[in-house]
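Those protein sequence lines, which keep their order, are chains A and B. The numbering used here applies: residue 6 is where the first sequence begins, and numbers increase by one. The numbering used here applies: residue 6 is where the second sequence begins, and numbers increase by one.
There are 2 protein chains.
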Amino acid sequence: MTAPGWRRERFALPDGVVYLDGNSLGALPRAVPARLGEVVEREWGTGLIGSWNRVPGGAPGSGWIDLVGRCAALLAPLLGVDAADVHVGESTSQSLFATTVAGARQRPGRRVLVVDRTTFPTDAYVITSVARLLGLEVRWCAGPGDDGGLTAVAAALDEDVALVSLTHVDFRTGAMFDLPAVTALVHEAGALMQWDLCHSTGAVPVDLADAGADLAVGCTYKYLNAGPGSPAYAWVAPHLQADLDPPVAGWMGHAAPFAMRLDHEPSPGVGRLRVGTPPVLALSALEAALTAFEGVTTAGLRAASLQLTDRFLDRVDALRERFPAEQIEVVTPREQPRRGSQVSFRHRHAYGLVQALIDRGVVGDFRDPDIARFGFAPLYTTLADVDRATEVLAEVLASRAYADPAYAVRNPVT
Amino acid sequence: MTAPGWRRERFALPDGVVYLDGNSLGALPRAVPARLGEVVEREWGTGLIGSWNRVPGGAPGSGWIDLVGRCAALLAPLLGVDAADVHVGESTSQSLFATTVAGARQRPGRRVLVVDRTTFPTDAYVITSVARLLGLEVRWCAGPGDDGGLTAVAAALDEDVALVSLTHVDFRTGAMFDLPAVTALVHEAGALMQWDLCHSTGAVPVDLADAGADLAVGCTYKYLNAGPGSPAYAWVAPHLQADLDPPVAGWMGHAAPFAMRLDHEPSPGVGRLRVGTPPVLALSALEAALTAFEGVTTAGLRAASLQLTDRFLDRVDALRERFPAEQIEVVTPREQPRRGSQVSFRHRHAYGLVQALIDRGVVGDFRDPDIARFGFAPLYTTLADVDRATEVLAEVLASRAYADPAYAVRNPVT
Chain A
6 MTAPGWRRER FALPDGVVYL DGNSLGALPR AVPARLGEVV EREWGTGLIG SWNRVPGGAP
66 GSGWIDLVGR CAALLAPLLG VDAADVHVGE STSQSLFATT VAGARQRPGR RVLVVDRTTF
126 PTDAYVITSV ARLLGLEVRW CAGPGDDGGL TAVAAALDED VALVSLTHVD FRTGAMFDLP
186 AVTALVHEAG ALMQWDLCHS TGAVPVDLAD AGADLAVGCT YKYLNAGPGS PAYAWVAPHL
246 QADLDPPVAG WMGHAAPFAM RLDHEPSPGV GRLRVGTPPV LALSALEAAL TAFEGVTTAG
306 LRAASLQLTD RFLDRVDALR ERFPAEQIEV VTPREQPRRG SQVSFRHRHA YGLVQALIDR
366 GVVGDFRDPD IARFGFAPLY TTLADVDRAT EVLAEVLASR AYADPAYAVR NPVT
Chain B
6 MTAPGWRRER FALPDGVVYL DGNSLGALPR AVPARLGEVV EREWGTGLIG SWNRVPGGAP
66 GSGWIDLVGR CAALLAPLLG VDAADVHVGE STSQSLFATT VAGARQRPGR RVLVVDRTTF
126 PTDAYVITSV ARLLGLEVRW CAGPGDDGGL TAVAAALDED VALVSLTHVD FRTGAMFDLP
186 AVTALVHEAG ALMQWDLCHS TGAVPVDLAD AGADLAVGCT YKYLNAGPGS PAYAWVAPHL
246 QADLDPPVAG WMGHAAPFAM RLDHEPSPGV GRLRVGTPPV LALSALEAAL TAFEGVTTAG
306 LRAASLQLTD RFLDRVDALR ERFPAEQIEV VTPREQPRRG SQVSFRHRHA YGLVQALIDR
366 GVVGDFRDPD IARFGFAPLY TTLADVDRAT EVLAEVLASR AYADPAYAVR NPVT
């Protein structure tokens, strides 16, 4: 059994801080600053344009043009897929736009896109955008609930459904869809299954290939620790690739981009999801960040994550008994298979409570209207972090520091 | 009169290299590595999630959420526009997709998108993608030619045209459309005018507001020196903003992103072009890179650029006389108002010629099938660079080093 936080020395965490917000922005991997300095000063500064093919002193494959593939190779084991089926480099929203259009185009005649009401908002907006452009309609389904979402999804399925797009782990509650079972259910109805893995990958096994999923996207700045606004990934099952038809054909998705012809001949496979020039600095940070996962299994991540969330839930339950008047309501499922790598609870002063914790060195975050949310990044969060966080939470509840008038005005980014 | 290369000390150029490829990837501004180190180690490493609102020790407005606006403020003078009308953060291709859809939607009933055949390929692909999604058609027009494109564009216009999208400076030849005159011509036909400024901004004045243009996009990794794959900008004229309707609604383009509602209420103005989480590392590099332009006028950039291209053309003409058998054909217009900030010529061994120059420390680039291309970045390219480059070119022509069999196999990225 691996102890939670067993790779903490690979991360630069500030002293005196218990960081439980890695599900919003992962901590800085120590490998990143050195790598970025090298990319900027040596590869860009001295290699200049030549670094696209090969960086100064580098081997074949060291060039910037190979970065997307190198990142895909590091991500693939965490997704349970082949690297050849992964694209990296756009934002999550842009990736989701591309895969949703490409998916819907493979189910002509079916005119409904299903999305969960518990999804992260950008998914709702993007899928609505796709429906409008393609003349389809959006059908909402309920979130994962008590049974991993089987009842919710079954209620939304019929022969009109082209694609179901679900956020695997609910960003507010931490409730998790049963990925393999829901995928199978969706396939029975003849629809394609797309997963948003933003709040999963790096903490929860997803095993997309084993589950037979069709499409997936996810960000890399949460449990994958690649930095603020880092690039997203998209995965497309091999059986969809031959006819893959994304909405935006860009020059980097051309089979021969440097022939610079006016007619678009799509690159084979997921390469056609490439659009613009790859973001080299951001991809280099991602590549360095992912080295923190080398030699790590998703089963090991999951085991550590469950130790952390179990312990946090136990401690919060103790505080609920101690402070019944606070009316803390845990919204994260108690059953392990129904839970991602976070714990959330409702409190009537949730914003002030989170701010009071931050002011005392315990960083979680707030989600409108009344949720306090705590994420557990298995590589660097320890059981001692959990204990310290709940001790401080006890102080804040005892003192009612959450009601401080200083917390009446919210930050723009919560 | 400012001497070309008057800000060279702000760039980290390797010794012994004459770099004439800033129209493909700009040189490294010295301000970038220090800034990136600070963003990564202090803002991300110690400020963590809190840096979205305010970085450690920073003033209000120092937060990552303000980066897009800060970059827009630095870009606006180079575009001749108000910062409030500029969005920064997607790739050029994704920006062009967004502005083209938004533009076409403001000319309902008109079913033609015009694009120049001399455009950079991604524009052709993206506009074809838009036409397909919106049920429109693409009409090709000729490039800038001898009269700044007036004849070419006039021939493509009629009352069916919704939008004309042109690449201001031809990436192969350096020929330039007459931006104000073409804009006026397009408006006479009732269409919207969109400019791709990738090969212009930072070297050539564009003055979009004075010209009355409608839409523009451009990259920041060429004359703006923000690094490989750095984010693009998009500009939307104020008169189009109230009804601006881009194709992909993302969470950061919401009027209240952190309310996290399922219905999309677009942010006012160009803010609705925001899609995913802004790429903080890349935007920080861009912000630092743009400081090299502080106190610089576009007239000053243009004057320096013309000195450089005039001198290079003179020297190449001398070599054409000296080596008539080489059959060098200059394809860049001789008239200053028809020329961007590059000079290109045809040669039957153009690929080998460019490689032979690179091997001798003079970096230009090759464009299929037979063009050797040299860009002049006025902030850091000097007249001495021009002289040295043409001396080396003379050596390569005299020795016919371009025919070296080592140059028979091309690099993937040319």
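Backbone N, C-alpha and C fix where the C-beta goes; we use that ideal spot for every residue, glycine too.
Min CB distance residue i to chain B below 7 Å
i: D373 (chain A); result: yes
i: H244 (chain A); result: no
i: N230 (chain A); result: no
i: Y238 (chain A); result: no
i: T395 (chain A); result: no
i: T127 (chain A); result: yes
i: M265 (chain A); result: yes
i: A221 (chain A); result: no
i: N28 (chain A); result: no
i: W11 (chain A); result: no
i: S134 (chain A); result: yes
i: A17 (chain A); result: yes
i: G96 (chain A); result: According to the sequence provided, residue 96 (chain A) is Ser. The question's Gly does not apply to it. So, interface residue.
i: L33 (chain A); result: yes
i: H192 (chain A); result: no
Candidates the options: closest to residue i by CA position
i: L384 (chain A); options: A:G366, A:Q341, A:Q360 and A:Q312; result: A:Q312
i: F350 (chain B); options: B:D364, B:T303 and B:D373; result: B:D373
i: D250 (chain A); options: A:E164, A:P236 and A:R279; result: A:R279
i: Q246 (chain A); options: A:A17, A:A231, A:T104 and A:L286; result: A:T104
i: V44 (chain B); options: A:Y130, A:G195 and A:V37; result: A:V37
i: L184 (chain B); options: B:E193, B:D128, B:G195 and B:L171; result: B:L171
i: V414 (chain B); options: B:F182, B:R144, B:Q360 and B:L398; result: B:Q360
i: D212 (chain A); options: A:V321, A:R40, A:A81 and A:A389; result: A:A81
i: L3 (chain B); options: B:T386, B:S404, B:V401 and B:A408; result: Residue 3 (chain B) lies beyond the residue range present for chain B, which begins at 6 and ends at 419; the question has no answer from this structure.
i: P233 (chain B); options: A:G10, A:P9, A:P410 and A:N58; result: A:N58
i: L362 (chain A); options: A:F379, A:Q347 and A:G31; result: A:F379
i: D390 (chain A); options: A:W145, A:V117 and A:G366; result: A:G366
i: T7 (chain A); options: A:V321, A:T188 and A:S310; result: A:S310
Minimum Cβ-Cβ distance from residue i to chain A less than 7 Å
i: P383 (chain B); result: no
i: G234 (chain B); result: yes
i: H354 (chain B); result: no
i: G207 (chain B); result: no
i: T419 (chain B); result: yes
i: N58 (chain B); result: yes
i: W200 (chain B); result: no
i: T386 (chain B); result: no
i: A36 (chain B); result: no
i: H491 (chain B); result: Residue coverage of chain B in this structure runs from 6 to 419, which leaves residue 491 (chain B) outside it and unanswerable.
i: V280 (chain B); result: yes
i: G255 (chain B); result: yes
i: H173 (chain B); result: no
Cβ-Cβ separation, residue j to residue i (assumed contact under 8 Å), whole Å
i: H92 (chain A); j: V120 (chain A); result: The pair is not a contact, with the Cβ atoms about 22 Å apart (cut-off 8 Å).
i: R47 (chain B); j: P61 (chain B); result: 6 Å
i: V169 (chain A); j: V191 (chain A); result: 5 Å
Delimiting residues of the alpha helix (DSSP H) encompassing residue i
i: H244 (chain A); result: P243 to Q246
i: C76 (chain A); result: L72 to L84
i: H192 (chain A); result: L184 to E193
i: E142 (chain B); result: It is not in any alpha helix (DSSP H) - E142 (chain B) instead sits in the beta strand (DSSP E) that spans E142 to C146.
Beta strand (DSSP E) segment containing residue i, residue limits
i: D370 (chain A); result: D370 to R372
i: T172 (chain B); result: V166 to T172
i: Q360 (chain A); result: Where Q360 (chain A) is concerned, there is no enclosing beta strand (DSSP E), although the alpha helix (DSSP H) it sits in stretches over A355 to D364.
i: G223 (chain A); result: L220 to G223
7 Å Cβ cutoff, residue i in contact with chain D
i: G74 (chain B); result: No chain D appears in the structure shown, which is made up of the protein chains A and B.
For this session: Select from the stretch 39–53 of chain B all residues with a C-beta closer than 7 Å to any C-beta belonging to chain A, and list them in chain order.
Result: Answer set for the stretch 39–53 of chain B: L41, G42, V45, E46, W49, G50, T51 and L53.
Problem set entry | Residues, ordered as in the chain, of the stretch 283–316 of chain B that lie near chain A by beta-carbon distance below 8 Å | Answer set for the stretch 283–316 of chain B: P283, P284, V285, L286, A287, L288 and A290.
For this session: May I ask you to list, following chain order, the residues of the stretch 64–91 of chain A that have a beta carbon less than 8 Å from some beta carbon of chain B?
Result: For the stretch 64–91 of chain A, which is checked against every Cβ of chain B, the residues closer than 8 Å are G68, W69 and I70.
Exercise. Relative to chain B, which residues along the stretch 331–365 of chain A have a C-beta separation below 8 Å, given in chain order?
Worked result: Identification of residues in the stretch 331–365 of chain A having a C-beta nearer than 8 Å to some C-beta of chain B yields I363, given in sequence order.
For this session: Return the residues of the stretch 394–414 of chain A that lie within a Cβ-Cβ distance of less than 8 Å from chain B, sorted by chain order.
Result: If you check each beta-carbon in the stretch 394–414 of chain A against every beta-carbon of chain B, none falls closer than 8 Å.
Problem set entry | Residues of the stretch 99–123 of chain B whose Cβ lies closer than 7 Å to any Cβ of chain A, in chain order | Residues Q99, F102 and R122.
For this session: Check distances from the C-beta atoms of the stretch 134–156 of chain B to those of chain A and list, in chain order, the residues that come in under 7 Å.
Result: Here the close residues are S134 and L138.
For this session: Using a Cβ-Cβ cut-off of less than 8 Å, give me the residues of the stretch 159–172 of chain B that come near chain A, in sequence order.
Result: Under the 8 Å Cβ criterion, the stretch 159–172 of chain B contributes no residue.
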